[in-house]
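Worksheet for the structure shown next.
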Amino acid sequence: MATSNGHRYDKGASKTTLVSSSSSGEQSRDGKPITIDVVSSGSNFSIDDNTTSTMGSSSNYWTSSSSPIRSPSVSPRRLGSHTISRKKRLTMAASISLAILLLVTTTILATYYGIASAHPLQQQSNTTATAPTTTDHHLQTGTFTAFTATPDPLVPTTRRAVHGEEFLGSIPTAPPDAQFPGSSEMNAGPSDSVKATYKLQSVASDAAECSKAGNEILKRGGSAVDAAITTALCAGLYHSHSCGIGGGFFMVVYDREFKNATSIDAREVAPSAATERMYVDNKNISSVKGWHAIAVPGEIYGYWEAFKRFGSGHLTWKQLFEPAIALAEQGSVVNHVLARTISSNINDITGFDAGLTDIFVNKVTGLPFVEGEIIRYPMLAQTLRMIADDEQGIFEYYQGKIAQNLASDIQEGGGILTLADLNNYRPVIEDALHSKLRDNSSMYGVPPPAGSLILHYIISIMDGYKYNQSWDSMSDDDKILFYHRFTEAMKFAYARRTELGDDRFVPEVAEMKETLLSPWFAKLTRALINDQRTSNDTKTYGVNIVPAIGKVGTSHISIIDKMGNAVSITTTINTHFGSKRVSRKTGIILNNEMDDFTTSPNSPNYYGLPPSIANLIAPGKRPQSSCAPIIVVDHNGDVRVVMGASGGSRIISAVANALIRVLYFGQDVKEAIDAPRIHHQLLPMELSYEPNFLRKHLKGLEDKGHHLVFSNTIAVIQGLDRLENMRIEANCDYRKRGAPAGE
């Protein structure tokens with residue numbers, strides 16, 4: 001395979017400076033002691049892997065100044081730290097230990113005599129109104145049965161049911177439970193998804209037909225990147241509500257021969273006329289829907305760069321487009337996913353944009369397309385053919401006729417994206433994000449503004465707990481503890497997400513990246529996780545905003561080719577049908593990625609993620625993303641796992657959940673993907689769980705103080721796992737009914 005080359009958090013509480021050379025033995029690269037500023041959080045504080053802190057309910061973990069927490073090797077400037085002699089350090093350490101011991105004793109006595117502050121759950125139950133009756137969707141062997149979840153007066157009001165994304169596949173479920181909606185008394189059986197095993201190669205996507213198209217490219221001598229391009233173009237038709245050439249992608253490419261990984265960031269960028277306060281100052285425009293929601297697409301430029309660098313040389317650029325062109329011209333069968341999304345967005349399709357009406361309303365019946373009907377994209381087919389015939393690959397889309405048509409359509413609608421914006425677009429190609437796990441395997445992802453860094457941080461935290469047993473052999477208490485630790489890792493990680501953005505515009509991101517990838521920082525975080533209880537105070541984790549959750553788009557593809565190379569790619573136009581706008585002259589459904597920026601300093605985005613100073617709008621800037629494609633490679637340099645997901649802010653937690661099950665608990669890829677998931681993004685302060693989560697585990701989590709919320713679906717994963725015998729196990733999440741292909 002060929003290669004080429006100032007937001008300040010005020011967290012209060014007293015601060016303790018830890019000198020790690022006297023506690024954990026770690027030093028910075030220059031040999032000096034590592035000093036880390038943290039807030040004293042109770043008792044039993046240690047940075048040992050197997051020790052955790054015990055904290056009071058109002059404890060705060062993190063302190064920071066106008067810049068993020070810094071890696072010890074990056075800068076001599078520390079937050080409130082200074083050089084201390086060894087003798088003084090030992091004296092201070094003894095004093096701190098004595099103070100902590102006194103604090104523990106006082107806390108225990110105060111709690112015993114009822115003087116301590118109330119448990120967070122008790123505090124919340126005194127101020128939270130009873131949840132209203134909620135109608136939710138519940139899955140029973142592939143069908144949806146509506147039921148009413150009526151709050152039980154004996155059940156704490158920290159539990160409630162919410163409407164989430166609906167399951168699209170089939171898995172046996174238990175009857176509804178008023179105490180924990182959607183939960184189960186016993187483990188559910190396997191889903192109806194297929195676990196396929198292949199000898200040479202495999203493609204896993206959320207559309208079976210697209211997996212087959214990608215595998216055909218591999219059979220013809222194409223590379224993993226060749227197959228990824230064909231598969232993604234196909235997905236842009238079968239799931240045109242989620243992805244397509246009007247959006248962008250993040251890709252990780254692993255080259256087995258050279259044992260290195262490359263990141264291709266084809267994320268959309270803000271137009272040159274975009275401003276930081278454009279949506280605040282003009283209430284007549286929206287970052288979610290309409291012409292002003294559109295960022296400069298990067299999909300085609302990213303494919304071209306990937307093709308030039310990692311194409312096999314056996315297939316032409318045009319040949320990679322042929323399956324998608326045929327589908328667009330001849331038509332494809334509307335699958336259940338597209339049909340359901342059309343139905344749930346019917347008002348926008350029939351009343352907001354005539355371009356959407358032309359595409360998604362059947363001209364024969366006069367009604368929106370339903371499952372089983374044939375849908376065609378004639379205008380988009382012409383556009384795809386122009387791109388395929390372009391000897392320069394990208395000229396037509398970014399400078400030629402397509403670019404001119406795109407710009408004129410957007411400007412005629414009142415948008416700000418211009419021809420110059422398309423001319424100036426470039427993807428970012430660099431070394432992949434890299435972190436080591438304890439068994440010397442390597443994990444690769446895409447640097448910020450993608451979500452891979454947060455995924456790496458979560459896995460690094462959990463890696464230090466040294467899990468090494470089968471899931472089935474674990475006791476219920478151990479499983480509850482795992483879920484609790486995993487939840488706390490998510491909360492700490494999502495808190496750090498607010499400090500990330502496009503590092504070309506936010507220099508501090510580079511330092512934060514080094515910090516979050518460092519073993520010492522993961523060790524510090526583990527020490528701050530209390531095994532007995534959680535905190536429901538957002539200040540504990542460093543964020544103080546309360547947002548909400550929305551629905552999502554996106555598509556993921558995982559590929560291993562016969563040479564041992566791999567691709568993990570997540571492609572998206574953001575929310576369903578993107579901006580709800582179609583370029584009438586090109587047939588391209590356009591993204592609404594502008595909403596992934598912090599559009600208001602005081603409001604969350606569509607996915608409920610909190611505002612971030614590092615993610616404010618600027619011309620040419622890339623917005624944050626939760627997309628987290630990853631590749632795990634063993635110590636020999638052979639691909640072990642290729643995985644990623646669709647599902648907005650829940651992508652990171654879903655991939656982490658499944659990856660941990662494969663790497664540490666010995667589950668196969670289907671078992672890991674089938675397993676009911678949990679998700680916590682810190683804001684809102686609630687732990688979401690999927691149907692069939694065991695009630696006794698939920699009760700155990702509630703006893704630790706977690707605020708539990710039922711959710712129908714937590715992201716959709718496509719995964720490949722290469723076994724020791726070099727065979728590939730593939731599974732596509734039953735939640736979206738994809739299917740793999742391979743040989």
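The UniProt record's numbering applies: residue 1 is where the sequence shown begins, and numbers increase by one. Backbone N, C-alpha and C fix where the C-beta goes; we use that ideal spot for every residue, glycine too. Predicted model, so just to flag it, every value in this text is computed and none were measured.
Would residue i pass as a contact of residue j if the rule is Cβ separation under 8 Å?
i, j, result
"K479", "H697", "yes"
"P740", "S211", "yes"
"W291", "R584", "no"
"G587", "Y377", "yes"
"G311", "D226", "yes"
"L616", "E276", "yes"
"L620", "V269", "The sequence shown places Gly at residue 620, rather than the Leu named in the question. For G620 and V269, yes; Cβs fall inside 8 Å."
"L419", "A403", "yes"
"M594", "A293", "yes"
"P691", "N712", "yes"
"H707", "M726", "no"
"V370", "V334", "yes"
"G331", "I375", "yes"
"A489", "M462", "yes"
"K470", "G666", "Per the sequence shown, residue 470 should be read as Ser rather than Lys. A contact, by the Cβ cut-off of 8 Å."
How long is the line joining the alpha carbons of residue i and residue j, rounded to whole angstroms?
i, j, result
"L723", "D668", "9 Å"
"residue 745", "A208", "Because the chain in this structure spans residues 1 to 743, residue 745 falls outside the shown range and cannot be described."
"G700", "S223", "48 Å"
"R160", "F710", "The predicted model places R160 with a pLDDT of 34, which falls under 50 and marks its position as unreliable, so this point remains unresolved."
"W520", "P507", "22 Å"
"K401", "R385", "13 Å"
"M186", "L694", "6 Å"
"T54", "R526", "With a pLDDT of only 39 at T54, under 50, the local geometry of the prediction cannot be trusted, and no value is derived from it."
"residue 749", "F395", "With the chain covering 1 to 743 only, the question about residue 749 has no answer from this structure."
"Y664", "A273", "48 Å"
"D265", "V446", "7 Å"
"I613", "R504", "14 Å"
"G705", "S649", "23 Å"
"H314", "I217", "10 Å"
"N636", "G355", "51 Å"
"Y301", "R622", "15 Å"
"P448", "G247", "18 Å"
"L687", "A306", "38 Å"
"D348", "F577", "9 Å"
"L453", "T365", "48 Å"
"P427", "S263", "10 Å"
"P368", "S193", "28 Å"
"Y483", "S183", "15 Å"
Taking C-alpha atoms, which residue in the options lies nearest to residue i?
i, options, result
"M512", "Y467, N468, Y457", "Y457"
"E322", "V288, E371, C234", "C234"
"I557", "G182, E216, T231", "T231"
"C243", "M726, E671, R727, S646", "S646"
"V639", "F249, S568, I613", "S568"
"M563", "L590, Y467, S649, K199", "K199"
"L517", "V296, S442, H484", "S442"
"Y444", "Y465, T538, Q330, V632", "V632"
"I589", "D596, D477, N574", "N574"
"P611", "T540, R496, S535", "R496"
"P271", "G236, V296, E499", "V296"
"Y541", "L417, T316, T487", "T487"
"N362", "T599, G414, I728, A339", "A339"
"G464", "D439, V662, L453", "D439"
"I673", "D421, D733, G666", "D733"
"L553", "D477, A204, G236", "Reading off the sequence, residue 553 comes out as Gly, not Leu. For G553, the nearest C-alpha among the options comes from G236."
"N536", "S344, L327, N260, D703", "D703"
My understanding is that residue i touches residue j, with C-beta atoms under 8 Å, so please give their C-beta distance in whole angstroms.
i, j, result
"I560", "S202", "6 Å"
"K289", "S579", "6 Å"
"I630", "M643", "6 Å"
"Q399", "N424", "With 8 Å as the limit, Q399 and N424 do not qualify as a contact, their Cβ atoms being about 10 Å apart."
"K308", "N731", "That pair is no contact at about 32 Å."
"T570", "F249", "6 Å"
"A628", "L455", "4 Å"
"K736", "D206", "5 Å"
Would residue i count as contacting chain D if we go by Cβ distances under 8 Å?
i, result
"F258", "Here chain D cannot be found, since the structure has a single protein chain."
key: Three CB pairs or more closer than 8 Å across the stretch 398-407 and the stretch 283-291   = They do not touch, by the three-pair rule.
query = Is the stretch 675-684 touching the stretch 646-658, taking contact as three or more C-beta pairs under 8 Å?
reply = A contact is defined here as three or more CB-CB pairs under 8 Å, and the stretch 675-684 meets this definition with respect to the stretch 646-658.
message = With three or more C-beta pairs closer than 8 Å as the rule, is the stretch 248-263 touching the stretch 426-441?
response = Because the criterion of three Cβ pairs below 8 Å is met, the stretch 426-441 and the stretch 248-263 touch.
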